[in-house]
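> Quick one: the structure is below, questions incoming.
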Amino acid sequence: MVRQILKIVREEYVAGCKDRLEEIDPQDSLHKIVSSEGEVNDYSKLIDDLKEAILDHISEFQMELETSSDNISQQAREHIHSNEIIMTIGTSREVKAFLKKAAQDRKFEVIVAECAPFCHGHELAVSLAKNKIQTTLVPDSAIFGIMSRVNKVIIGTQAVMANGGLRAVCGSHSLALAAKHYSVPVIVLAPMYKLSPQYLCSYDQESFNNFLSPEGVLKYSDGSILSKINVYNPVFDYVPPELVTLFISNTGGHAPSYVYRLLSELYHPDDYNL
C-alpha cells in the first residue's frame, strides 16, 4: 500500500506540473509505461493545492480498500454454479464472503481442508455451516483422494508475486498440485492491494516465509526424539503461476500472465524495491 501511495503522489505532482491541462488516464497506456512518457525527475517545485489533491486521491484509495472484499464477492455468481463441489483450505475473509454470497441463491457443497497444524479451516467450516452451506471438513492428507470429485478450487492468498505466483497458507501448493493432476481450475481471490512487485528467490526463503515454533508439529512430550530430528513449521507456501487458473480481484478476473500489467498500473518502477 505504501507503493500505491507513492504512485498517487507522483501522479498528482505530474498533474500539477502540467497545470491539469491534460486528463490523467488512470490506466496508463503501454507506450507510456515503456517510454516513461510524462515522468518528472525534479520534485522540488512547489505545486499549488498539491496536498489537497493527494488527500482526495488517498480518500478514493481508502474507499477502494474498504469495498474491495465486497466487490470480489459480487462476482461469486459468475463462478459458482448450482450443485458444484468447491474445495478450499484454511480460512480467508475473501473466500468466506465469496461463498456466502453465492449461497444466497444456489446450492453447492464446500470441502474445507483444515490447514494443519494451525487448523484455521475449522473456523471457516463452522462459519459456512452456520450459513446453511453444506460443508465437509477434511484433513490435509485427504486432499488428493477427494480432488477427483471437486469442480473448482477457490483459495485466498497473503500476496501475489510479480510473476503471478502466490504466497499462500501452508498446504496451498499441495492443493494446487492435486487440482492440476485432475484438471480442476484453481481460482484465487486477491484484492489489488495484495499484488507485490517482488519475486521469490530460491536462496531467500527466510525473507519469503515465516517459521513458527515446531511445537505445533511435534509436541514437547515427544522429547525422546527431539534431539534426533529437525522440525520446521512454515506459515506460507509458494504456489507457482502455472498452477493458478484465474485471479479474481476487486476490478475483475485476470490471468496470471496479466499480473505484470496490473503492477505497472499500481506501482511506479522506481518504487519496486524500497
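Count along the sequence shown from 1, add 387, and you get the number used in the working numbering. Just so it is clear, CB atoms sit at the ideal spot from N, CA and C, and this is done for glycine as well. A quick note: this is a predicted structure, and the numbers were derived from the prediction, not measured.
1) In the DSSP assignment, what are the bridge partners of Leu553?
2) Would the region 555-571 and the region 597-605 be scored as touching if the rule is three or more Cβ pairs under 8 angstroms?
3) If you check the beta carbons only, do Ile635 and Gln462 fall under 7 angstroms apart?
4) Over what stretch of residues does the beta strand (DSSP E) that includes Leu433 continue unbroken?
5) Apart from the five residues just before and just after Phe485, which ones in its own chain have a Cβ nearer than 7 angstroms to its Cβ?
6) How about Cys506 and Val556: do their beta carbons lie closer than 7 angstroms?
7) Here's a check: name, in chain order, each residue in its chain whose Cβ is nearer than 6 angstroms to the Cβ of Gly477, leaving out the five neighbours to either side.
8) Tell whether a beta-carbon distance below 7 angstroms holds between Asn620 and Gly603.
9) Check for me: the beta strand (DSSP E) holding Ser636 runs from which residue to which?
10) Helix, strand or coil for Val513 per DSSP?
11) Alpha carbon to alpha carbon, how far is Lys487 from Asp457? Give it in angstroms, no decimals.
12) Is it buried or exposed, Asn637, if we count other Cβ atoms within 10 angstroms and call 16 or more buried?
13) Cα separation between Leu653 and Lys394?
14) Heavy atom of the ligand ATP less than 6 angstroms from the Cβ of Glu471, yes or no?
15) Here's a check: name, in chain order, each residue in its chain whose Cβ is nearer than 8 angstroms to the Cβ of His655, leaving out the five neighbours to either side.
16) Less than 8 angstroms between C-beta atoms, sequence neighbours within five positions excluded: which residues of the same chain meet that for Lys483?
Let me lay it out:
1) Residue pairing by DSSP places Leu553 opposite Val547, Val626 in a beta bridge.
2) Cβ pair count under 8 angstroms is below three, so no.
3) Cβ atoms of Ile635 and Gln462: closer than 7 angstroms.
4) Taken as a continuous stretch (DSSP letters only), Leu433 belongs to no beta strand (DSSP E), as it is neither H nor E.
5) These residues qualify, in order along the chain: Ile459, Ser460, Ala463, Ile541, Leu576.
6) When the beta-carbon positions are compared, Cys506 and Val556 stay at least 7 angstroms from each other.
7) Hits under 6 angstroms: Cys502, His507, Gly508, Val556.
8) Contact: yes.
9) Residues 633-636.
10) Reduced to three states, the DSSP call for Val513 is helix.
11) Distance between the alpha carbons of Asp457 and Lys487 is about 11 angstroms.
12) Burial call: buried.
13) One Cα belongs to Leu653, the other to Lys394, and the distance between them is close to 7 angstroms.
14) Here there are no bound small molecules, and the ligand ATP is not part of this structure.
15) In chain order, Arg390, Leu393, Lys394, Arg397 place their CB closer than 8 angstroms to the CB of His655, counting only its own chain and leaving out the 5 sequence neighbours on each side.
16) Within the same chain, Lys483 has close Cβ partners Leu511, Ser514, Leu515.
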